[in-house]
Amino acid sequence: MATPEVRSTLERNECVRRYTASMPNDAFTRLVDRVAGNARSGASWAEGLLYHWLDAERSDTKRTVLLQEMVRSSFLGCPFECLTRLAAVRETNVSSRSAELLVMAGPAGEQALIRALPGIRGAPAPRRTHCRLISEHRNPPFRSRMRHLPAGWKAPGGGCFVLLLAGGPVVG
Numbered sequence: 001m002a003t004p005e006v007r008s009t010l011e012r013n014e015c016v017r018r019y020t021a022s023m024p025n026d027a028f029t030r031l032v033d034r035v036a037g038n039a040r041s042g043a044s045w046a047e048g049l050l051y052h053w054l055d056a057e058r059s060d061t062k063r064t065v066l067l068q069e070m071v072r073s074s075f076l077g078c079p080f081e082c083l084t085r086l087a088a089v090r091e092t093n094v095s096s097r098s099a100e101l102l103v104m105a106g107p108a109g110e111q112a113l114i115r116a117l118p119g120i121r122g123a124p125a126p127r128r129t130h131c132r133l134i135s136e137h138r139n140p141p142f143r144s145r146m147r148h149l150p151a152g153w154k155a156p157g158g159g160c161f162v163l164l165l166a167g168g169p170v171v172g
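One point on numbering: in full-length UniProt numbering, the residue at position 77 of the sequence shown is 77, and numbering is uninterrupted.
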């Protein structure tokens, strides 16, 4: 049995989740905008709240709103486990935005995404090949890094990054 303070935290989190789930999408978008504004002003609690909502939210539309705001504001502190889980979601807006946040987070985020690829594609790990992962968020100048990725892998949701396989670009 959970201790009383943990239990009350769990109950509070569930209450907040139900409250945001009952909100219309436009009201939720306005709320996310206000909280993100506080986070951009330096309120660490606000950024943490956005991450918590993203982790607890079940609606793909609301997840997309949260992820778009995180990408727009460059909030890069979201736990990689949450983002890799969301990168495997079938909704392309959710998967592409979460993959984009992982790439924006730098080499550690890229590695987390690369490790999650077999689970994202729903297949056993294919043979690996050298390819170049080029992030849109590293412009200008256009920087690239050599990475080991599964052969033939495409970006979830598309357009998040470019893979150069066998000398030719493949946009995921």
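We treat Cβ as the ideally placed atom computed from N, Cα and C, and that holds for glycine.
Residue from the options with nearest C-alpha to residue i
i	options	result
residue 91	32, 67, 103 and 107	67
residue 46	75, 26, 109 and 18	75
residue 118	84, 108, 23 and 72	84
residue 60	42, 104 and 97	97
Outcome for residue i when other beta-carbon atoms lying within 10 angstroms are tallied against a minimum of 16
i	result
residue 14	exposed
residue 11	exposed
residue 39	buried
residue 58	exposed
residue 53	buried
residue 44	exposed
residue 42	exposed
Min CB distance residue i to chain B below 8 angstroms
i	result
residue 38	Of the protein chains in this structure there is only one, and it is not chain B.
Same chain, Cβ closer than 6 angstroms to residue i, five either side skipped, listed in chain order
i	result
residue 93	64
residue 138	Legend: pLDDT at residue 138 = 43, less than 50; position of this residue unreliable, value from coordinates given subsequently. Within the same chain, residue 138 has no close Cβ partners at all.
residue 73	36 and 40
residue 25	61
residue 23	none
Distance between residue j and residue i (C-alpha atoms, nearest Å)
i	j	result
residue 70	residue 115	22 angstroms
residue 21	residue 100	25 angstroms
residue 112	residue 35	27 angstroms
residue 107	residue 51	20 angstroms
residue 17	residue 56	7 angstroms
residue 105	residue 33	21 angstroms
residue 30	residue 120	31 angstroms
Neighbourhood of residue i by C-beta distance below 8 angstroms, restricted to the same chain and skipping five residues each side
i	result
residue 28	20, 62 and 65
residue 109	76, 80, 83, 101, 102 and 103
Own chain partners of residue i with C-beta closer than 7 angstroms, once the 5 adjacent residues on each side are dropped
i	result
residue 49	35
residue 78	51, 54, 70 and 101
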